[in-house]
Amino acid sequence: MKRRPLPVAAALVVTAALLLTACGSGDDKSSDNNKIAGADSAESTSPTPPRASDDDAKRPRMNLPNDVKETFEGWTTGEAAKDEILADAGLAQSAVTYAVTQGDPESPALSFYQADSALAGSRDWVKGIVDSGFTYHGAVRYYAPDISVFDKKSAGVSYCADESKAFNKNRKTNKIDKTPASDDSFVLYSTRLEKNSSGVWQTTKLESERGNKTCLR
1369 MKRRPLPVAA ALVVTAALLL TACGSGDDKS SDNNKIAGAD SAESTSPTPP
1419 RASDDDAKRP RMNLPNDVKE TFEGWTTGEA AKDEILADAG LAQSAVTYAV
1469 TQGDPESPAL SFYQADSALA GSRDWVKGIV DSGFTYHGAV RYYAPDISVF
1519 DKKSAGVSYC ADESKAFNKN RKTNKIDKTP ASDDSFVLYS TRLEKNSSGV
1569 WQTTKLESER GNKTCLR
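Following this line, the structure appears as structure tokens:
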């Protein structure tokens, strides 16, 4: 849920060079370890990112309010290893939404699915929203995920978000700020994920660009 008129802390502007990297192949090369996003297509739709298999991690529950919806289109590939990565990439986004709706920048869900600069940025972002007296209302559609697996413990995922039906809501008055949709309602995310000792693919880097032509459809 990211219809945010406030300064973006968790989402850095993606440069042209980075976007070219985001469209790279999924070959396992040493130079790939510095990439952020990948390029293998996926199909299927799910209201939440599906888990391809179980792991040893005790995953936090993230129950969103009834007026907050997230949909993930094309979030499975049929390949178990890639589907696990995609699932955790989606859950990293859900963790931000959940933290905002809970009014908790220190939400355990954030540190479970994110780490390093991504976690620091997301905490700052959630704090900015909460301190401004807002929460979320509406629906976000995540779609067009591309994935590159760099090695056994690192990968990159890029994807789009349609935030045209998502809005900020005043926590005290419940007034919804229904701003009109525009090209900026569509966001390209580029992320890097690393697998931790519990088997969770944590998002460690997260960058975004609003109005990117890749997502305008």
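Under the working numbering, the final residue of the sequence shown carries the number 1585; numbering is consecutive throughout. For glycine and all other residues, C-beta sits at the position ideal for the given N, C-alpha and C. None of these values were measured; they are calculated from a predicted model.
- Taking a C-beta distance under 7 Å as the contact criterion, Glu1474 and Ser1522 do not qualify as a contact pair.
- Between the segment 1566–1577 and the segment 1444–1462, the count of C-beta pairs closer than 8 Å reaches three or more; the two stretches touch.
- Here the alpha carbons of Asp1472 and Cys1528 stand approximately 25 Å from one another.
- Val1525 carries a strand assignment under DSSP once its states are collapsed to helix, strand and coil.
- Here Val1555 has Ala1529, Ser1576, Arg1578 as same chain residues with Cβ atoms under 6 Å from its own Cβ, once five neighbours each way along the sequence are excluded.
- Between His1505 and Ile1453, the beta carbon gap of about 30 Å keeps them out of contact (Cβ cut-off 8 Å).
- DSSP places Glu1438 in the uninterrupted beta strand (DSSP E) bounded by 1436–1444.
- Annotated as proximal: Pro1513 and Gly1442, with beta-carbon spacing under 7 Å.
- The beta carbons of Lys1540 and Thr1503 sit no closer together than 7 Å.
- For Asp1472, there is no enclosing beta strand (DSSP E), as DSSP gives it neither H nor E.
- Comparing alpha carbon positions, the residue from Thr1469, Ala1483, Ile1515 closest to Asn1542 is Thr1469.
- Check the Cα spacing between Arg1560 and each of Thr1465, Tyr1481, Arg1429: the tightest is with Tyr1481.
- Secondary structure in the segment 1535–1580: the beta strand (DSSP E) runs of 3 residues or longer, each lying completely within the stretch, are 1554–1563, 1569–1578 in chain order.
- For Arg1491, the number of other beta carbons within 10 angstroms of its own is at least 16, and it is reported as buried.
- For Arg1509, the enclosing beta strand (DSSP E) has its first and last residue at 1502–1519.
- Non-local C-beta neighbours of Leu1584 in its own chain, meaning closer than 7 Å and more than five positions away in sequence, comprise Asp1551, Phe1554, ordered along the chain.
- CA-CA distance, Ala1455 to Ser1500, rounds to 30 Å.
- Non-local C-beta neighbours of Lys1546 in its own chain, meaning closer than 8 Å and more than five positions away in sequence, comprise Phe1535, ordered along the chain.
- Taking each of Arg1509, Asn1580, Val1464, Leu1432 in turn and checking the Cα distance to Leu1487, the smallest one comes out for Val1464.
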